[in-house]
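Visitor: Structure incoming, see below.
Numbering (our numbering), first residue to last: 79 to 915.
Below is the structure:
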């Protein structure tokens, strides 16, 4: 044994790592309390290993070691070294999004998820990690959305926290995810194959034994068949059934009772009882049941995996929309040449060339060329969209006709496509009330089943010892908490995928449930029921300024706004250089105030102009301009009215059909607009809307919505997402018209990317069908368990039949949810008006 002096000589110097002895880099601050004192560490890897040693009660390692570890690499697990790389900013830029100064958000993939209990365990485990602000896991795709405070926790800490409970987390990568799915599918198929092949042989021997029980069989042949069945069952137990035992052990280590716990107990009990009978000759063998358990349950999981993949294929298609490489244009000494680079290397400001048939690599703006672009994957619109210089391109769309040169505007997690994927993940991870109820039931379900199995064993042991084991095994295996937990996520995932293909993006988990219950549909006018593509019809000056000069002043103010009126005036002004406006103040729904050449100007509604200037606008001036219900915007200075701009808009296709459909379903429809009375009446009369209000500020709209809610109304608000943010937030369910602004803001519960209002009617149909299917799934899961468990406890269900029933129950729930991925058959026009809502 080493002497104390020898031991002391092995302690590292103060400037060296206490764990491995390497020099501690300047500026690093990695420390672990060992023997009551903070000890310096050279890296996060040594810190992690040292902390694990101390926390594991093995701190005496440092007292009795005779030498320090030569390098951290020899002790630090490979996984710890890899996770440390994910803390580097250059690595994080491709998948981590900044949400404020210190808050970060990332999409992760979890490997090892086998049931909803795994999701529950990981969500709660990560939620208790200091610095983790929010975590949602999508059971259908195994993707996790995690938000954390980088001042308190690093991404590597989060990945390591997942690994400590037996799972593996890594940043989401489409290629790796597809490879993981394929690997899981192949592995499951191999396990099913082994269970099926060996199970058939065991079943053949079991049939011979059953026949022998009736007709008689010599004891030596019976014992021989037992031993052969044992040898054939071992591959099934040790290979095919391995996932059940591994998952159950992981749950029990953390004092959880997942669905694999009773399954593993059932398989283990059946095998041990059969082994005892084989050795002693006393009792009954259940080798056939063991093989059938594994075969049926693994087959069910194989089909569940295929069903999850199909249900989430819409979001996965979006994930795979971005290409792996792009053609970047590089200036080199006055000449321009092309280079093929990974999309992850693109930076804002880079120029890229997009040839016909290629996918647009990132959100960009066209610099040269004209072509048409297929955005159907993002918006659901089948018709290509014409693009020319100055127009925006969305990453993931496909260039069709001619080559384009574009300037990259946004990359990585900042793109519209990434925003859509984050919203989809959030929608499928968040749980509506029905799902929360099911989770509460399922949480104590397994524990109750284990208690019931114990009572069943005790009862039959005292009344009929021959039935205690098969009845107990049947109770353990026949129960299906998975069907309860799958009922809602399977339906929500299928419904959101179907609606995404239509161009209606669901961004909140409660949206479909609330949308189905909505009683009042409230619409904004400009940009919602109308196209929002206003055209300037006339500029009328009331001062010495010319119409062109007035338009230049208005454009200078409107460049600080995103309203459709701003776009119309800017477009009408053309390429002429506008005046510069400073100190611009935007009052949503009313107008703008700003300083141009040291003079203050106002642009907005007549009411806003009257408030700002203190002079009411003469109605005699406005009436002739509003004769057709057109929109009128006024420009004024401190001295009075300067000009009026008359703009016109056209109704959005599908608007009238949507209003008719909503009224047919018994919904109340209302129009609230900040525009004047004639413009409001023109749109309302064209669409058949009877309830309307005009010249409303956002606060006025908000007050009307709250008044309706106080009367018990469930309000669905549909707006353009620009000036209606407070109103959208107040409604029980809010729908924003699509576009980059709406997606980036993510203030709405649903976003209509397709711009086709009739897709809202489709969404309402899908929402009703989703709630119906969720109720059907929950009813089936409850009814199955309420019938199957007592039957198994009473001895009416054999163990192999219990395994078949459990597998069929889960598959039925998933298969029923998959009906939502199919578009319902269109109703004949003659029956549309009379069909029930």
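Heads up, the beta-carbon is just placed ideally off N, CA and C, and yes, glycines get one too.
Please determine if the stretch 771 to 786 and the stretch 739 to 750 are in contact, where contact requires at least 3 C-beta pairs separated by less than 8 Å.
Guide: yes
Visitor: Flag this pair as yes or no: are the beta carbons of residue 442 and residue 479 separated by less than 9 Å?
Guide: The answer is no: Cβ separation not under 9 Å.
Visitor: With H, G and I counted as helix, E and B as strand and the rest as coil, what does DSSP make of residue 149?
Guide: At residue 149, the pLDDT of 45 sits below 50, so the modelled position is not reliable; the number obtained from the coordinates is stated separately. Here residue 149 sits in coil by DSSP.
Visitor: Quick check: the stretch 880 to 899 against the stretch 615 to 625, are there 3 or more CB pairs under 8 Å?
Guide: no
Visitor: Using a threshold of 9 Å, state whether the C-beta atoms of residue 380 and residue 547 are closer than that.
Guide: Not a contact, by the Cβ cut-off of 9 Å.
Visitor: Please determine, among 862, 763, 709 and 249, the residue with the shortest C-alpha to C-alpha distance to residue 773.
Guide: 709
Visitor: Taking residue 652 as the reference, which of 665, 277, 555 and 633 has the closest Cα?
Guide: 633
Visitor: Answer yes or no: do residue 837 and residue 732 have a C-beta to C-beta separation smaller than 9 Å?
Guide: yes
Visitor: What first and last residue would you give for the alpha helix (DSSP H) that runs through residue 168?
Guide: 167 to 170
Visitor: Short of 6 Å in beta carbon distance, which residues of its chain neighbour residue 667, apart from the five on each side in sequence? Order them along the chain.
Guide: 752, 775, 776 and 801
Visitor: Would you grab the beta carbon distance between residue 894 and residue 863 for me? Rounded to a whole angstrom, and I think it's under 8 Å.
Guide: In fact, because the Cβ distance is near 16 Å, the residues do not count as touching under 8 Å.
Visitor: Apply the 10 Å Cβ neighbour rule to residue 282 and answer buried if 16 or more other Cβ atoms are within range, or exposed otherwise.
Guide: exposed
Visitor: To the nearest angstrom, report how far apart residue 244 and residue 200 are at their CA atoms.
Guide: 10 Å
Visitor: Residue 403 and residue 352 - do their beta-carbons sit closer together than 9 Å?
Guide: Residue 403 sits away from residue 352, with the two beta carbons spaced by 9 Å or more.
Visitor: Just to confirm the assignment, what range does the beta strand (DSSP E) spanning residue 620 have?
Guide: Where residue 620 is concerned, there is no enclosing beta strand (DSSP E), given that its DSSP letter is neither H nor E.
Visitor: Between residue 700 and residue 839, what straight-line distance do the alpha-carbon atoms span, to the nearest angstrom?
Guide: The alpha-carbon of residue 700 is positioned some 38 Å away from that of residue 839.
Visitor: Name, in chain order, the residues that DSSP records as bridge partners for residue 723.
Guide: The partner list for residue 723 (beta bridge, DSSP) reads 617 and 711.
Visitor: Look up residue 832 in the DSSP assignment and say whether it is helix, strand or coil.
Guide: Residue 832 falls in the coil class under three-state DSSP.
Visitor: Which full runs of the alpha helix (DSSP H) of 4+ residues lie inside the stretch 649 to 705, going along the chain?
Guide: The stretch 649 to 705 contains these whole alpha helix (DSSP H) runs: 684 to 691 and 697 to 703.
Visitor: List in chain order: all unbroken beta strand (DSSP E) runs of 3+ residues lying wholly within the stretch 422 to 494.
Guide: The stretch 422 to 494 contains these whole beta strand (DSSP E) runs: 429 to 432, 441 to 446, 449 to 452, 463 to 465 and 482 to 488.
Visitor: Tell me, which residues are paired with residue 226 by DSSP?
Guide: 182 and 210
Visitor: Nearest CA to the CA of residue 815: which residue from 657, 608, 690 and 660?
Guide: The option with the nearest alpha carbon to residue 815 is 608.
Visitor: Pick helix, strand or coil for residue 735, following the three-state DSSP scheme.
Guide: helix
Visitor: Please work out which residues of its chain come closer than 7 Å, Cβ to Cβ, to residue 835, disregarding the five sequence neighbours upstream and downstream, and give them in chain order.
Guide: 730, 732, 733 and 736
Visitor: Among 430, 198 and 273, whose alpha-carbon lies nearest the alpha-carbon of residue 486?
Guide: 430
Visitor: I'd like to check one pair, residue 573 with residue 847: are the Cβ atoms closer than 9 Å?
Guide: yes
Visitor: Expressed to the nearest angstrom, what Euclidean distance is found between the alpha-carbon atoms of residue 865 and residue 888?
Guide: 15 Å
Visitor: Tell me which same chain residues have a C-beta within less than 7 Å of the C-beta of residue 210, skipping the five on either side of it?
Guide: 204, 224, 226, 231 and 236
Visitor: Roughly how many whole angstroms lie between the Cα atoms of residue 313 and residue 530?
Guide: 31 Å
Visitor: For residue 428, I'd like the list of residues in its chain whose CB is within less than 6 Å of its CB, leaving aside the five on either flank, ordered along the chain.
Guide: Within the same chain, residue 428 has close Cβ partners 406 and 486.
Visitor: Run the CB neighbour count on residue 684, radius 10 Å, all protein chains shown included, and call it buried at 16 or more, exposed below.
Guide: buried
Visitor: Tell me, please, which residues DSSP counts as bridged to residue 215.
Guide: 222
Visitor: Is DSSP giving residue 638 helix, strand or coil here?
Guide: coil
Visitor: Measure the CB-CB distance between residue 602 and residue 727 and report whether it falls below 9 Å.
Guide: no
Visitor: Pick helix, strand or coil for residue 338, following the three-state DSSP scheme.
Guide: helix
Visitor: Roughly how many angstroms separate the alpha carbons of residue 412 and residue 212, rounded to a whole number?
Guide: 50 Å
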